[in-house]
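Enquirer: Below you'll find the structure I mean.
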Amino acid sequence: MPSTDRIVLEPWYDKALFYLLVDSYRRIVGKALVPDDSDAHWLYHHAPFAVVAHNTDPDPLFIYANMSAQRCFEYDWQEFTSLPSRLSAEVPNRADRQLLLETVARDGHASGYRGARIAKSGRHFWIEDGCVWQLTEQDGLTYGQAATFSITD
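Here is the structure:
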């Protein structure tokens with residue numbers, strides 16, 4: 451069972467979190483997040499798409515961000531996993547983001563998401579065709595929400 455507290459293990463060794471990301475995506479979204487022969491190391495270091503996840507705290511903190519997401523948002527692992535996820539969007543965009551998260555909590559996932567985000571440097575960028583889903587085990591226990599999106603320059 452993965453912890454939603456600050457992850458102590460290096461993210462590419464946290465097999466429980468990898469399994470939760472991959473399994474919940476397959477069950478809830480209905481397709482594979484990663485190729486069948488992929489592992490936590492591949493998702494963290496080599497995936498050509500971003501994956502982020504936050505916990506269930508009242509002001510959720512990021513608990514995962516692969517290298518693609520770290521490059522996109524310009525935060526390293528320590529910074530990312532100390533960041534409240536609401537800070538990934540500027541104040542004017544937070545209401546739309548919150549509505550999306552409420553929809554995901556109700557429906558399990560939302561696909562085709564488009565939203566403005568902000569990097570650490572202040573650079574603005576768009577998430578295009580993103581998918582947000584509940585990080586939920588088969589027994590219904592929810593650990594948070596995750597998102598994936600393509601990286602475009």
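Just so you know, we're using my numbering here: the sequence shown kicks off at 451 and counts up by one. Just so you know, even glycine gets a beta-carbon here, dropped at the ideal spot from N, CA and C.
Please name the residue or residues paired with Leu511 in a DSSP beta bridge.
Expert: Locating residue 511 in the sequence shown gives position 61, where the first residue counts as 1. Its beta-bridge partners are Pro534.
Enquirer: Assuming Asp580 and Tyr563 make a contact with CB atoms under 8 angstroms, what is their CB distance in whole Å?
Expert: What you label residue 580 is simply residue 130 of the sequence shown in a count that begins at 1. What you label residue 563 is simply residue 113 of the sequence shown in a count that begins at 1. This sequence places Gly at residue 580; Asp is not what is there. That pair is a contact at about 4 angstroms.
Enquirer: With which residues is Phe523 paired in a DSSP beta bridge?
Expert: If you number the sequence shown from 1, residue 523 lands on position 73. DSSP lists no partner for Phe523.
Enquirer: Who pairs with Ser561 in a beta bridge, going by DSSP?
Expert: The sequence position of residue 561 within the sequence shown is 111, counting from 1. In the DSSP output, where bridge partners are listed per residue, Ser561 has Cys581.
Enquirer: Out of Gly565, Arg556, Glu552 and Ala539, state which residue places its alpha-carbon closest to the alpha-carbon of Ser571.
Expert: By one-based count along the sequence shown, residue 571 stands at place 121. Comparing Cα-Cα distances from Ser571 to each of Gly565, Arg556, Glu552 and Ala539, the minimum goes to Ala539.
Enquirer: What does the alpha-carbon distance come out to for the pair Phe523 and Ala515?
Expert: Here residue 523 refers to the residue found at position 73 of the sequence shown. Here residue 515 refers to the residue found at position 65 of the sequence shown. In a straight line, the C-alpha of Phe523 is about 10 angstroms away from that of Ala515.
Enquirer: Among Ser518, Ser600 and Asp509, whose alpha-carbon lies nearest the alpha-carbon of Ile577?
Expert: For this step, residue 577 is matched to residue 127 along the sequence shown. Looking at the Cα atoms, Ser600 is the closest of the given residues.
Enquirer: So is Ala574 buried or exposed if we call it buried at 16+ other beta carbons inside 10 Å?
Expert: The residue labelled residue 574 in the question sits at position 124 within the sequence shown. Rather than Ala, the amino acid found at residue 574 in this sequence is His. Label assigned to His574: exposed.
Enquirer: Could you give the distance in angstroms between the alpha-carbon of Lys481 and the alpha-carbon of Ser532?
Expert: Stepping through the sequence shown from its first residue, residue 481 is reached at position 31. Stepping through the sequence shown from its first residue, residue 532 is reached at position 82. The straight-line gap from Cα to Cα measures roughly 30 angstroms.
Enquirer: To the nearest whole angstrom, what separates the beta carbons of Phe669 and Ser518, a pair I think is in contact under 8 angstroms?
Expert: Since the first residue of the chain shown is 451 and the last is 603, residue 669 is not available in this structure.
Enquirer: Any idea if Gln393 is buried or exposed, counting beta-carbon neighbours within 10 angstroms, 16 or more meaning buried?
Expert: Only positions 451 to 603 of the chain appear in the structure, and residue 393 is not among them; the question remains open.
Enquirer: Should Leu551 be labelled buried (16 or more other beta-carbon atoms within 10 Å of its own) or exposed?
Expert: By one-based count along the sequence shown, residue 551 stands at place 101. Its Cβ being crowded by 16 or more others within 10 Å, Leu551 is buried.
Enquirer: In whole angstroms, give me the CA-to-CA distance for Asp464 and Ile513.
Expert: Here residue 464 refers to the residue found at position 14 of the sequence shown. Here residue 513 refers to the residue found at position 63 of the sequence shown. Using only the alpha carbons, I get a separation of about 11 angstroms.
Enquirer: Locate the beta strand (DSSP E) running through Ser600, then write down its first and last residues.
Expert: Numbered from 1 along the sequence shown, position 150 holds the residue referred to as residue 600. Segment Thr592 to Ser600, the beta strand (DSSP E) holding Ser600.
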